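Peer 1:
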Amino acid sequence: MAQVPPQTHALSGLPALAHAHWQTACDALARLYSDRPDYSAAMAELERRVINARSARPQVLNELDASRQHVPDWYLKPGRPAYCTYIDRFGKTLVGTSQHLDYLKELNIGIFHPLPLLKPREGNSDGGFAVADYRQTDPRLGGFDDLKQLAADLRDRDMSLVLDMVLNHTAKEHDWAQKQLSGDPAFQDFYIVLKSQTEVDAWEASLQDVFPDTAPGSFTYVPEASGWVWTTFYPFQWDLNYANPRVFTEMVDVLFYLANAGVEGFRLDSTAYLWKRKGTISRNLPETHDILRAFRALLSIVAPSVFLLAEAIESLDAVLPFFGTPQNPECDLAYNNGVMTALWGALADQKTDILQSVIAKTTAKPAHGQWLNYVRCHDDIIWLALADSVPMNRLQRWADFYAGKDSYAKGLSFQAPEGFPASGCGMAASLCGGLDDPQALDRLKLLYGVTYALDGVPLLYMGDEIGLENFEAFRDAPALRDEIRWLHRPDMDWGLAEKRRDAATPQGQMFDYLKTLSRRLKDLNLASGITVVETPLSSVLWFERPSAQGRFVCVANFSDATVTITPPGRVIVGADGAVLPPYALYWYIAEA
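This is the structure:
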C-alpha cells in the first residue's frame with residue numbers, strides 16, 4: 001500500500017475531539033483505499049458529507065449527545081432490557097406501535113429494536129433484509145415522519161430506538177443497483193460482478209453457503225449485468241462492493257441520515273461479510289474491521305452518543321475483534337450468540353459444562369465493549385457457531401432435540417452448510433415444550449433468569465414475556481410458507497397479553513417474573529465482570545458478579561431433578577432455602 005500522509009482537512013467549527021475521530025477514520029480508510037486513483041476525491045466527498053450531517057443534526061439530539069458525553073455506555077441502564085420485534089407483528093404500523101409503548105414501559109424496556117422497517121423490495125424480501133431504499137420506510141408501516149415520531153415518543157419515555165442497518169447487501173431493485181446496470185459511471189462497481197463461470201468457481205472453492213437448501217451458492221447469473229452477481233444470501237440480495245470507497249461513503253451517509261432522524265443505535269446486520277478476498281471464506285477479514293472502525297469514528301463526529309451493535313453470528317474468537325480496541329473501537333455491543341446457543345445445549349443435555357466454559361470465555365471482551373444477551377431472536381439457532389468448541393455429535397444431538405426428536409421441544413430444522421447440523425427454529429416457549437407442558441414455563445424462566453443476570457444488556461424477544469408459542473399459521477400464507485423461520489415470527493396476541501394481569505395464568509406469571517428481574521437489577525446496579533464457579537453438580541450453573549451490596553450470585557438448575565446446595569447468601573429471586581427444584585433459578589446476595 002502506498003504511504004499516504006495524514007489527512008489535514010479542517011472540519012471547520014468542530015471540536016478537537018472531532019479531529020481525532022476524523023484522523024482515526026482516515027487511517028482506517030487509507031489502509032483500504034489509498035492505492036486507488038480516486039482516493040483523494042473520495043476523501044474530500046466524505047469530508048463534505050460529514051460536515052453537512054453534523055450541521056444538520058437537530059438541537060434536541062445535540063442535547064441528548066451532550067447529556068451522554070460522560071456516560072459512553074449509557075445503554076447499560078440497570079434493569080432496562082432491550083425489546084425486539086417486527087413492527088407489523090407488534091403494532092401493525094409505526095403509529096400503532098407508539099400506542100403500545102406503555103406496555104413496554106411495564107417491562108422496564110430501555111431499548112426498542114424493531115426488525116427491518118426500511119423500504120424493502122416487493123414480494124419476498126427475506127423478512128425486510130432486502131432493502132430497496134434506506135431513506136424511506138416500508139409504506140405498509142407508515143411514512144418516514146412516523147418513524148421520527150416513534151423515535152421521539154420513545155425518547156419521551158426514556159427509551160431508545162435501534163434500527164437494523166443491512167450493510168452487506170441491498171435488494172437488486174435498489175437505486176444503486178439499477179444505476180450500475182444502466183451504466184451510470186458514478187455507480188459502477190457498487191456490486192461485485194464476475195464475468196465467467198471460471199471466476200465464479202475459483203471464488204466458490206473457498207466460500208461457505210449460508211442457505212444451502214433455499215439459495216445454494218454465492219453468485220447469481222444476471223443477464224442485464226452480463227455476469228454473475230455476488231449474492232451471499234438470496235439471489236435478490238446483491239452484495240455491495242466495499243472495495244469501492246463510494247460504497248463506504250454512501251452507506252455512512254445513510255447512517256448519518258437515520259441518526260439525525262432520532263435513531264440512537266444501529267444493529268449492523270451481517271457484519272462479518274463486508275470484505276471479500278479470493279482464497280478465503282470472505283468473512284471476518286481485517287478490512288471489515290477497518291470499515292467498522294471508520295463507521296464508528298465518523299458517527300462519533302456526527303452523532304456521538306449513537307451506538308453500534310455487531311450482528312456477527314460466528315465463533316467467540318471471531319466475534320471478539322468486532323469490539324475493536326480502546327484506542328480504535330468498532331462496535332459498542334455484540335450479540336452473545338455463543339452463550340445463547342450454549343444455554344439451549346445445557347437445557348437439552350441437563351449439563352452445564354459447555355455453558356460454563358463459554359460464559360467464562362466471554363470475559364475476554366475489552367472493557368469498552370458490552371454483550372447483548374438473548375434467549376431467542378427472529379433468526380434460527382445456528383449450532384455451528386460453537387463448532388470450534390463442541391464436538392459435532394453433541395451439536396447434532398442438540399439440533400435433533402430442538403427439532404422434536406425424542407424430546408419435549410416443538411421446533412423445526414432449518415438448514416446449514418454441508419457437514420454441519422441444521423440450525424433450529426421455534427419460539428422459546430415452544431422449544432421449552434409449549435405451555436401445555438407443566439415444566440415449560442420453568443424452563444423459560446430459567447433461560448431468561450440467566451440471561452438477565454449476565455454481564456451486559458438483556459434482550460427480550462417479542463412474545464416471550466407472555467409465553468407466546470410458535471406461529472404455525474405461516475404454512476398457510478403463500479408469501480411465508482417457504483421460509484421456516486416465520487415459525488418464530490408470530491403476530492403479537494394482544495388478547496393473550498391481557499392475561500398478564502392475572503397471576504394465575506402462565507402469561508401473568510412470566511410477565512411478572514420478568515418485571516421482578518428488572519426491579520432487582522435496578523436495585524442492585526451490578527458492576528461489570530463475571531466469574532463462573534464450578535460445582536460438583538453437573539446440571540448446575542453458578543456464577544457471580546460484583547455488587548455494592550455484596551457478591552451477586554446466580555445459581556441455576558438445568559435438570560429435571562431436584563438438587564441441594566449450600567445457600568451462598570440472601571435469596572432475592574426464587575424461593576428461600578437450599579433446595580433447587582427442577583429448572584429452578586435463584587439469585588442471591590452474599591455479603592462475604
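For what it's worth, UniProt numbering labels the leading residue of the sequence shown as 1, then goes sequentially.
Glycine residues also receive a C-beta, built at the ideal position from the N, C-alpha and C atoms.
These figures come from a predicted structure and were not determined experimentally.
If you run the structure through DSSP and keep just helix, strand and coil, what is M43?
Peer 2: helix
Peer 1: Using a C-beta cutoff of 8 Å, does G217 count as contacting chain C?
Peer 2: Chain labels in this structure do not include chain C; a single protein chain is all it has.
Peer 1: Does the Cβ of Q99 have 16 or more other Cβ atoms within 10 Å, making it buried, or fewer, making it exposed?
Peer 2: exposed
Peer 1: What would DSSP say about R545, mapped onto helix, strand or coil?
Peer 2: In the displayed model, R545 falls within a strand according to three-state DSSP.
Peer 1: Start and end of the beta strand (DSSP E) containing A261?
Peer 2: Careful: A261 lies outside any beta strand (DSSP E) and carries neither H nor E.
Peer 1: Just curious, the beta strand (DSSP E) that Q381 is in, first and last residue?
Peer 2: Looking at the sequence shown, residue 381 is not Gln but Ile. Run containing I381: none; DSSP gives neither H nor E here.
Peer 1: Is the distance from the Cβ of T24 to the Cβ of A334 below 8 Å?
Peer 2: no
Peer 1: Within the continuous alpha helix (DSSP H) that includes K522, where are the two ends?
Peer 2: P506 to L524
Peer 1: Which residues share a DSSP beta bridge with G424?
Peer 2: I381 and S413
Peer 1: What does the Cβ neighbour count give for Q327, buried or exposed, with the cut at 16 atoms within 10 Å?
Peer 2: exposed
Peer 1: Should D126 be labelled buried (16 or more other beta-carbon atoms within 10 Å of its own) or exposed?
Peer 2: buried
Peer 1: Report the CB separation of E224 from L181 in whole angstroms; it is logged as a contact under 8 Å.
Peer 2: 5 Å
Peer 1: Considering V222, what are the terminal residues of the beta strand (DSSP E) in which it resides?
Peer 2: F219 to V222
Peer 1: What residue from R551, P321 and I192 has the CA that sits closest to W230's CA?
Peer 2: I192
Peer 1: Could you give the first and the last residue of the continuous beta strand (DSSP E) run that contains K119?
Peer 2: K119 -> beta strand (DSSP E) spans L118 to P120.
Peer 1: Leaving aside the five residues before and after V263 along the sequence, list all residues of the same chain whose C-beta is less than 6 Å from its C-beta, in chain order.
Peer 2: L161 and L163
Peer 1: Thinking just about the alpha-carbon of each residue, which of A364, K361, A318 and L299 is nearest to the one in L17?
Peer 2: L299
Peer 1: Roughly how many angstroms separate the alpha carbons of P6 and A243, rounded to a whole number?
Peer 2: Legend: pLDDT at P6 = 44, less than 50; position of this residue unreliable, value from coordinates given subsequently. Their backbone Cα atoms lie some 21 Å apart in a straight line.
Peer 1: Assuming the contact rule is C-beta atoms closer than 8 Å, C425 and D380 should be a hit. Round their C-beta distance to whole Å, please.
Peer 2: 5 Å
Peer 1: DSSP three-state call for P326: helix, strand or coil?
Peer 2: Of the three classes helix, strand and coil, the one that applies to P326 here is coil, per DSSP.
Peer 1: Between the region 533-543 and the region 361-377, can you find at least three pairs of beta-carbon atoms closer than 8 Å?
Peer 2: no
Peer 1: Given 8 Å as the limit, is there contact between the region 183-197 and the region 209-217, that is, 3 or more CB pairs closer than that?
Peer 2: no
Peer 1: For the alpha helix (DSSP H) containing Y83, list its first residue and its last residue.
Peer 2: Annotation: Y83 is outside any alpha helix (DSSP H); the continuous beta strand (DSSP E) that includes it extends over A82 to T85.
Peer 1: For R376, collect the residues of the same chain with a Cβ closer than 6 Å to its Cβ; drop the 5 residues on either side in sequence, then sort them by chain order.
Peer 2: A428 and Y461
Peer 1: What residues are listed by DSSP as bridge partners for I484?
Peer 2: According to DSSP, I484 bridges with nothing at all.
Peer 1: Check whether the region 53-69 touches the region 91-110, counting contact only when three or more Cβ pairs, one atom from each stretch, lie closer than 8 Å.
Peer 2: Too few Cβ pairs lie closer than 8 Å, so no.
Peer 1: Which residues does DSSP list as the beta-bridge partners of N168?
Peer 2: DSSP lists no partner for N168.
Peer 1: Go through its chain and collect everything with a Cβ distance to L526's Cβ below 6 Å, but skip five positions before and after it.
Peer 2: Answer for L526: R545, S547 and F552, listed in chain order.
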